[in-house]
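**Q** Numbering-wise, our numbering comes out as the position in the sequence shown, counting from 1, plus 5.
This is the structure I want to talk about, given as structure tokens.
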Amino acid sequence: MAKMTRATARKIFERLAEAAPAPKTELHYKNPYTLVVAVALSAQATDEGVNKATKSLFEVADTPEKMLELGEKKLGDYIKTIGLWRNKAKNVIALSKKLIDDFGGAVPKTREDLETLPGVGRKTANVVMNVAFGEPTIAVDTHIFRVGNRTGLAPGKTPLDVELGLEKIVPADFLLNAHHWLILHGRYICKARKPECWRCPIADLCGFKEKVMSPHAPKKSEPKKTAAKAAKKPAKKKPAAKKKLSGKPKLRPVKKKAAR
Ligand code: SF4
């Protein structure tokens, strides 16, 4: 893949900005604290699922103090529909306590401080800094990781590689919203299994070799099976019978020596 130039990167962001002039996070929140909680709950869950759960939660607990008052058990009842909810409930209570103990109940503004909160990693810290405090950070989630690699904007093996690559190539005037544009692009057009390249506004600038230029093309993970292919499929080998392991060794009968 040819190296992406700054001029091409600028064109990409001009077009993404044209498609979504005022991009916003799709997570619902009321203040920096509820944003931290919503982002912490959103790991391996959809924004839609998190919003459903937090709608009534944030009516009763929108500050760390109120969350501690609610307690872990009742918090669990609100977020039971979200994956890994038990662990997340623990983290939300622990981070609320830490906010009160170490930061006077306010959400800190630096990545270093944010990362000291239980359940808050670099990605969550970047979202909070960007959305709540207007810092030009890029929180690399699964969508941004994919788009960064496919397009050639910021190829990298780890989310941190992609984040640092994007920081270098995204023009400064697009940096604040770059993270939202890339997430929206990945979520709705440059989808994981079947990117919708046929309607992609940056298709002519994208370096991805395996573009899908028709909505009728099969999904990547669903190759068409022909009868011949299906027939060729090797039969599964029967697993060899496992040797029984028990404490007692089996004793073989001792053969009697024939009398001479
Ligand atoms: S052309 Fe296809 S692979 Fe490239 S950004 Fe658009 S949707 Fe993604």
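Built from N, CA and C at the ideal position, the CB exists for glycine as well.
With a cut-off of 6 Å, give the chain-ordered residues whose Cβ is closer than this to any heavy atom of ligand 1.
**A** Arg-155, Thr-156, Ile-194, Cys-195, Pro-200, Glu-201, Cys-202, Cys-205, Ile-207, Ala-208, Cys-211, Phe-213 and Lys-216
**Q** Take the Cβ of Lys-85 as the centre, count every other Cβ of all protein chains shown within 10 Å, and call the residue buried at 16 or more, exposed below.
**A** By the neighbour-count rule (16 or more Cβ atoms within 10 Å), Lys-85 is not buried but exposed.
**Q** Please check if any C-beta of chain C sits within less than 9 Å of the C-beta of Gly-109.
**A** Absent from the structure is chain C; it holds one protein chain and no more.
**Q** Near Val-132, which residues of its chain fall below 6 Å by C-beta distance, leaving aside the five closest residues on each side in sequence?
**A** These residues qualify, in order along the chain: Val-44 and Ala-144.
**Q** Where does Val-125 fall in DSSP's three states?
**A** coil
**Q** To which residues of the same chain is Glu-201 closer than 6 Å at the C-beta, ignoring the five residues directly before and after it?
**A** Ile-194
**Q** Is DSSP giving Pro-113 helix, strand or coil here?
**A** Note: Pro-113 maps to coil in three-state DSSP.
**Q** Does Arg-151 pass the burial test, meaning 16 or more other C-beta atoms within 10 Å, or should it be called exposed?
**A** buried
**Q** With H, G and I counted as helix, E and B as strand and the rest as coil, what does DSSP make of Pro-28?
**A** coil
**Q** Note down the Cα distance separating Met-218 from Trp-203, rounded to an integer number of angstroms.
**A** 4 Å
**Q** Under the three-state reduction of DSSP, which class applies to Phe-138: helix, strand or coil?
**A** helix
**Q** Confirm, please, whether the CB-CB distance from Leu-62 to Ala-137 is below 9 Å.
**A** Cβ atoms of Ala-137 and Leu-62: not closer than 9 Å.
**Q** Between Pro-206 and Gly-153, what straight-line distance do the alpha-carbon atoms span, to the nearest angstrom?
**A** 15 Å
**Q** Span of the alpha helix (DSSP H) holding Thr-39?
**A** 37 to 46
**Q** Under 8 Å: do the segment 54 to 61 and the segment 100 to 108 share three or more Cβ pairs, one atom per stretch?
**A** Touching, no, given that fewer than three Cβ pairs across the two stretches are closer than 8 Å.
**Q** Taking only the alpha-carbon atoms, compute the straight-line gap between Trp-266 and Lys-79 and give it to the nearest angstrom.
**A** The displayed coordinates of the chain run from 6 to 265. Any statement about residue 266 would go beyond what the structure contains.
**Q** State the Cα-Cα distance for the pair Leu-89 and Ala-12, rounded to the nearest angstrom.
**A** 43 Å
**Q** Can you have a look at Met-72 and say buried or exposed, based on whether 16 or more other CB atoms are within 10 angstroms of its CB?
**A** buried
**Q** Measuring only the C-alpha atoms, how far is Ala-177 from Val-125?
**A** 27 Å
**Q** Taking its Cβ as the centre, do 16 or more other Cβ atoms sit within 10 Å of Arg-198, making it buried, or is it exposed?
**A** Arg-198 is exposed by the Cβ-count criterion.
**Q** Output needed for His-190: all residues of its chain with C-beta closer than 7 Å, excluding positions within five of it in sequence on either side, in chain order.
**A** Leu-21 and Val-152
**Q** Does the Cβ-Cβ distance between Lys-103 and Leu-75 come in under 9 Å?
**A** no
**Q** In angstroms with no decimal places, state the Cα-to-Cα distance between Leu-119 and Ala-130.
**A** 6 Å
**Q** Could you check the C-alpha separation between Asp-82 and Ser-101 for me, to the nearest Å?
**A** 18 Å
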